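J.: My questions will all concern the structure given below.
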Amino acid sequence: MSKVIGLSGNEAAAYAAKQSKVDVVAAYPITPQTIIVERFSEYVANGEVETEFICVESEHSAMSACIGASLAGARVFTATCSQGLALMHEMLYIASGLRLPIVMAVANRALSAPINIHCDHSDMMGSRDCGWIQVFCENVQEVYDWIIQAFKLSEDLNVLLPMAVNFDGFTISHAMEDIKVLEDEEVEAFLSTRKVKYKLDPNEPMTFGALMLPDYYFEAKRQQEEAMKKAYEKYIDVVKEYEKLSGRAYNYLHEFMLEDAEAAIICLGSTTGLVRQVAKKLRGEGKKVGVLKPWLFRPFPSKEVLKALENIKSLAVLDRAISFGAPFGPLCSDIMATFFSEGKIIPIFNVIYGLGGREITPKEIEEIFNLALKTAKRGKVEEKVKFIGVRE
Amino acid sequence: MYALKDLPKEELFTSGHRLCAGCAHPISVRMVTKVLRGPTVIVSTTGCLEVSSSIYPHTAWKVPWVHIAFENGAAVASGIEAAFKAFKRKGIIDKNVDIIAICGDGGTYDIGIQAISGALERKHDFVYICHDNEAYMNTGIQRSGATPKGAATTTSPAGKKIPGKPEWKKDFIGICIAHGIEYAATATPAYWGDYLMKIRKAIEVDGPAVINVLTPCPLGWRYEPKDTIKISRLAVLTRYFPLYEYERGRYKLTIKVPKPLPVEEFLKIQGRFRHLFNPEFKKELDEVKYYVEENWNRILKLCGEA
Numbered sequence: 012m013s014k015v016i017g018l019s020g021n022e023a024a025a026y027a028a029k030q031s032k033v034d035v036v037a038a039y040p041i042t043p044q045t046i047i048v049e050r051f052s053e054y055v056a057n058g059e060v061e062t063e064f065i066c067v068e069s070e071h072s073a074m075s076a077c078i079g080a081s082l083a084g085a086r087v088f089t090a091t092c093s094q095g096l097a098l099m100h101e102m103l104y105i106a107s108g109l110r111l112p113i114v115m116a117v118a119n120r121a122l123s124a125p126i127n128i129h130c131d132h133s134d135m136m137g138s139r140d141c142g143w144i145q146v147f148c149e150n151v152q153e154v155y156d157w158i159i160q161a162f163k164l165s166e167d168l169n170v171l172l173p174m175a176v177n178f179d180g181f182t183i184s185h186a187m188e189d190i191k192v193l194e195d196e197e198v199e200a201f202l203s204t205r206k207v208k209y210k211l212d213p214n215e216p217m218t219f220g221a222l223m224l225p226d227y228y229f230e231a232k233r234q235q236e237e238a239m240k241k242a243y244e245k246y247i248d249v250v251k252e253y254e255k256l257s258g259r260a261y262n263y264l265h266e267f268m269l270e271d272a273e274a275a276i277i278c279l280g281s282t283t284g285l286v287r288q289v290a291k292k293l294r295g296e297g298k299k300v301g302v303l304k305p306w307l308f309r310p311f312p313s314k315e316v317l318k319a320l321e322n323i324k325s326l327a328v329l330d331r332a333i334s335f336g337a338p339f340g341p342l343c344s345d346i347m348a349t350f351f352s353e354g355k356i357i358p359i360f361n362v363i364y365g366l367g368g369r370e371i372t373p374k375e376i377e378e379i380f381n382l383a384l385k386t387a388k389r390g391k392v393e394e395k396v397k398f399i400g401v402r403e
Numbered sequence: 009m010y011a012l013k014d015l016p017k018e019e020l021f022t023s024g025h026r027l028c029a030g031c032a033h034p035i036s037v038r039m040v041t042k043v044l045r046g047p048t049v050i051v052s053t054t055g056c057l058e059v060s061s062s063i064y065p066h067t068a069w070k071v072p073w074v075h076i077a078f079e080n081g082a083a084v085a086s087g088i089e090a091a092f093k094a095f096k097r098k099g100i101i102d103k104n105v106d107i108i109a110i111c112g113d114g115g116t117y118d119i120g121i122q123a124i125s126g127a128l129e130r131k132h133d134f135v136y137i138c139h140d141n142e143a144y145m146n147t148g149i150q151r152s153g154a155t156p157k158g159a160a161t162t163t164s165p166a167g168k169k170i171p172g173k174p175e176w177k178k179d180f181i182g183i184c185i186a187h188g189i190e191y192a193a194t195a196t197p198a199y200w201g202d203y204l205m206k207i208r209k210a211i212e213v214d215g216p217a218v219i220n221v222l223t224p225c226p227l228g229w230r231y232e233p234k235d236t237i238k239i240s241r242l243a244v245l246t247r248y249f250p251l252y253e254y255e256r257g258r259y260k261l262t263i264k265v266p267k268p269l270p271v272e273e274f275l276k277i278q279g280r281f282r283h284l285f286n287p288e289f290k291k292e293l294d295e296v297k298y299y300v301e302e303n304w305n306r307i308l309k310l311c312g313e314a
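Chains as they are written, first to last, in this note's numbering: chain A, 12 to 403; chain B, 9 to 314.
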């Protein structure tokens, strides 16, 4: 039986990790993720968990300790964002290369310089190619649900990849919402304990992290890519099983009013809710618009995105990060590649928004929808990359 | 004290690795594996030892072993220790597992010092062994914080104006002791009985323990591979590398050197100090000699022998 409690995004992440009965947490506080570490410290201090909690001296060591613990066979959780995630960068690759199912909550935040503590997706986009499964959450409920599902997916013996659960800094990390949580026993039954095939075991000595020269390295990397494909397949099993348990349905994507839409917006994270609200209002005015939210960002659900948008005549892709010097923002590049590789050429434009916590307003979203509708009619993009909400 | 006949014949670090002839690392690792207490996990950071002992699909390790990045052996050991602690609490395992990190001086004195400091402060139960060959040897003999004054490396070359590294070597053991740990020691493979005793003591300490092992490098120090143990011994007999230990607040000189050999005996058989014997660098040679004497006196004082 589920119950409703009020939690912020950070608290929900800590609570979900607690219910997942993690063996080891190693973390270093950084705004706006700090509260995850604080809450978990309280669980430890009050004896509410059997977890070994390491209050490390840096994010680099946080990820290193997680790697050590995961190699020993433990279920491992950590949290970070922004500069902390950047400091972990080197170790993110080692975690995925060693095929360690570490789950990490990331309260997305802008990167220095100039220093800024508010939300955008620059941090995780900077680690986009590090071999981690990645989901983006829209609200506190999703943070809770995804942390639990993440352990199930990443620990699957056919997958064995680390997973990042992204949620917008402050917007979600600090916003309190009523969320439905599962009973401890329900989570326990869903996850059981981590099953481990290869670990640091004195009874069965193994070598991990061996040197692979040009004769083997490529094969190891290729296997990681295969694991991503497995993650893609297993993902749907995990969300279906979780739906049976919680009644909350996740899929690769959340589709909103797309069946007959002419123009659509695709974006990640907390902005999606507002975009849907605006879409609803415009529908009331007879404008055929829709919204697509990918939960899963890595591996990227190309097939599902194409299917969801098969009748769209124009698309606006919202990116809350810049890929400096690239033709488009990170999400838009994926969308472009997805469409082009299937020979589907429709007018797609990129909107860069919300860097460093800059708010995006309903009026601005309405402008984007209207531009997309205009673009659909004309059949041609006016401006490939648009910056919304910035003083030019 | 250990007698040779008491040591296990089994080799947990096997032959077939690709370390250089005369390298002190495999000698040190074999010694470590001879005095293990029980189930053990070994962590190694990037360096000669790792790249030469784990070339896929081969491995020289018969203990659970992991290579991690250059700078975080201590942090990874922290995580492994935490996992075993959690397993014990949950009743998943009941045996103690010892954790040993074996890292080079670059990953220790320089880039890894933060991770080491963090792990020592948190008092994780593990042994940190630094293979100190006094430079970044794996990347081609560059200076590190462990490189002694006057030594020529490719980034502190002996030029016409600057004869080798101008700075002194860091006091790594001193840094570790300042963290309030229970056990720290210096060692070198030439004094194997001394080394084995220190490894075992370090393992038996409940909490972090650190050993800095002088591991001569024929390539980087430029000497004949056959001379590794000879040089290891000369380092001690010239008082260049004092062998001592620190145990719960007390220092002890474990190898006494009442009648030292001249420092030159240690320096002159190595290419890295060759330039110091040119007449124009007499001042620098004197400085090295002065440093060796000062350091020896400092250690003697700590050990209550002065």
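We treat Cβ as the ideally placed atom computed from N, Cα and C, and that holds for glycine.
Quick caveat, the model's predicted, so the values are computed rather than measured.
Tell me the rounded alpha-carbon separation between Ala332 of chain A and Met135 of chain A.
T.: Near 9 Å, if we compare the C-alpha coordinates of Met135 of chain A and Ala332 of chain A.
J.: Pro225 of chain A CB to nearest chain B CB: under 7 Å?
T.: So, not an interface residue.
J.: Could you tell me whether the Cβ of Leu366 of chain A comes closer than 7 Å to any Cβ of chain B?
T.: No, Leu366 of chain A lies away from the interface with chain B (no Cβ there is under 7 Å from its Cβ).
J.: Could you give the C-beta distance for Tyr39 of chain A and Val67 of chain A, rounded to a whole number, given that I count them as a contact under 8 Å?
T.: Right, their Cβ atoms sit about 5 Å apart.
J.: Counting contacts by CB-CB distance shorter than 7 Å, is Val67 of chain A in contact with chain B?
T.: Yes, Val67 of chain A counts as interfacial toward chain B.
J.: Need the endpoints of the alpha helix (DSSP H) that Gln152 of chain A sits in, please.
T.: Element bounds for Gln152 of chain A: 151 to 166.
J.: Give a yes or no on whether the C-beta atoms belonging to Val362 of chain A and Leu384 of chain A are separated by under 7 Å.
T.: Against a cut-off of 7 Å, the Cβ pair of Leu384 of chain A and Val362 of chain A comes out as no contact.
J.: Sort A:Gly180, A:Asp140, A:Met268 by Cα distance to Asp345 of chain A and report the nearest one.
T.: Residue A:Asp140 is the option with its Cα nearest to Asp345 of chain A.
J.: Have a look at the DSSP bridge pairing and note the partners of Met115 of chain A.
T.: Bridge partners of Met115 of chain A: A:Thr89, A:Ala175.
J.: DSSP three-state label for Glu313 of chain B, please.
T.: In this structure, Glu313 of chain B counts as coil in the three-state DSSP scheme.
J.: Taking C-beta to C-beta, are Pro165 of chain B and Glu292 of chain B nearer than 7 Å?
T.: Cβ distance not < 7 Å, so Pro165 of chain B and Glu292 of chain B don't count as in contact.
J.: Using three-state DSSP, classify Thr283 of chain A as helix, strand or coil.
T.: Reduced to three states, the DSSP call for Thr283 of chain A is helix.
J.: To be precise: take each residue of the region 120 to 135 of chain B, compare its Cβ to all Cβ atoms of chain A, and keep it if any distance is under 9 Å. Which residues remain?
T.: Cβ contacts with chain A: Gln122, Ala123, Ser125, Gly126, Ala127, Glu129, Arg130, His132.
J.: To the nearest angstrom, how far is the alpha carbon of Leu209 of chain A from that of Leu82 of chain A?
T.: Here residue 209 of chain A is Tyr; the residue named in the question, Leu, does not match the sequence. When rounded, the distance between both Cα atoms is 8 Å.
J.: Starting from the Cα of Gly367 of chain A, find the closest Cα among A:Val392, A:Ser123, A:Ile247, A:Leu264 and give me that residue.
T.: Here the closest residue by C-alpha is A:Ser123.
J.: Please report the straight-line C-alpha distance between Val154 of chain A and Ser165 of chain A, rounded to a whole angstrom.
T.: So the two alpha carbons sit approximately 16 Å from each other.
J.: With distance defined between alpha-carbon atoms, name the residue in B:Glu58, B:Leu15, B:Lys169 nearest to Ala109 of chain B.
T.: Ranking B:Glu58, B:Leu15, B:Lys169 by Cα distance to Ala109 of chain B puts B:Glu58 first.
J.: So, does the CB of Ser72 of chain A fall closer than 7 Å to a CB anywhere in chain B?
T.: Yes, Ser72 of chain A lies at the interface with chain B (some Cβ there is under 7 Å from its Cβ).
J.: Using a C-beta cutoff of 7 Å, does Ala83 of chain B count as contacting chain A?
T.: Taking Cβ atoms only, chain A reaches closer than 7 Å to Ala83 of chain B, which makes this a yes.
J.: Between Ala80 of chain A and chain B, is there a C-beta pair that is closer than 7 Å?
T.: Chain B contact via Cβ: present.
J.: Since Val265 of chain B is in the alpha helix (DSSP H), which residue starts that stretch and which ends it?
T.: Unbroken run through Val265 of chain B: none, as it is neither H nor E.
J.: Met135 of chain A CB to nearest chain B CB: under 7 Å?
T.: No, Met135 of chain A does not count as interfacial toward chain B.
J.: Inspect the CB distances between the region 31 to 48 of chain A and the region 193 to 209 of chain A and report whether three or more fall short of 8 Å.
T.: Verdict: yes, contact present.
J.: Give the secondary structure of Asn361 of chain A by DSSP, where H, G and I count as helix, E and B as strand, and everything else as coil.
T.: Residue state, collapsed to three classes: strand.
J.: Under the assumption that Cys130 of chain A contacts Gly180 of chain A (Cβ atoms under 8 Å), give the Cβ distance between them as a whole number of angstroms.
T.: Right, their Cβ atoms sit about 4 Å apart.
J.: Is Ile356 of chain A buried or exposed, if buried means 16 or more other CB atoms sit within 10 Å of its CB?
T.: That one is exposed.
J.: Quick one: measure Cβ to Cβ for Pro305 of chain A and Leu279 of chain A, integer angstroms, because I've assumed they're closer than 8 Å.
T.: Between Leu279 of chain A and Pro305 of chain A the Cβ distance is about 7 Å, and since that is below 8 Å, they are a contact.
J.: What is the residue span of the beta strand (DSSP E) that Pro16 of chain B lies within?
T.: Run containing Pro16 of chain B: none; DSSP gives neither H nor E here.
J.: Terminal residues of the continuous beta strand (DSSP E) containing Trp73 of chain B?
T.: Residues 73 to 75.
J.: If you run the structure through DSSP and keep just helix, strand and coil, what is Thr48 of chain B?
T.: Looking at Thr48 of chain B - three-state DSSP - the assignment turns out to be strand.
J.: Using a Cβ cut-off of 8 Å, pull out every chain B residue sitting near Gly84 of chain A, in sequence order please.
T.: The answer, in chain order, is Ala91, Phe95.
J.: Rounded C-beta distance between Thr53 of chain B and Gly148 of chain B? I'm assuming under 8 Å.
T.: Not really, about 18 Å apart at Cβ, beyond 8 Å.
J.: Quick test of the definition: if touching needs 3 or more C-beta pairs under 8 Å, does the region 179 to 191 of chain B touch the region 253 to 267 of chain B?
T.: Touching, yes.
J.: So is Val60 of chain A in contact with chain B if we call contact Cβ pairs under 7 Å?
T.: So no, Val60 of chain A is outside the interface.
J.: Taking DSSP's pairing of strands, which residues face Val396 of chain A in a bridge?
T.: BP columns for Val396 of chain A point to A:Asn361.
J.: Can you grab the Cα-Cα spacing for the pair Ser93 of chain A / Phe180 of chain B, in whole Å?
T.: Each residue's alpha carbon lies about 32 Å from the other.
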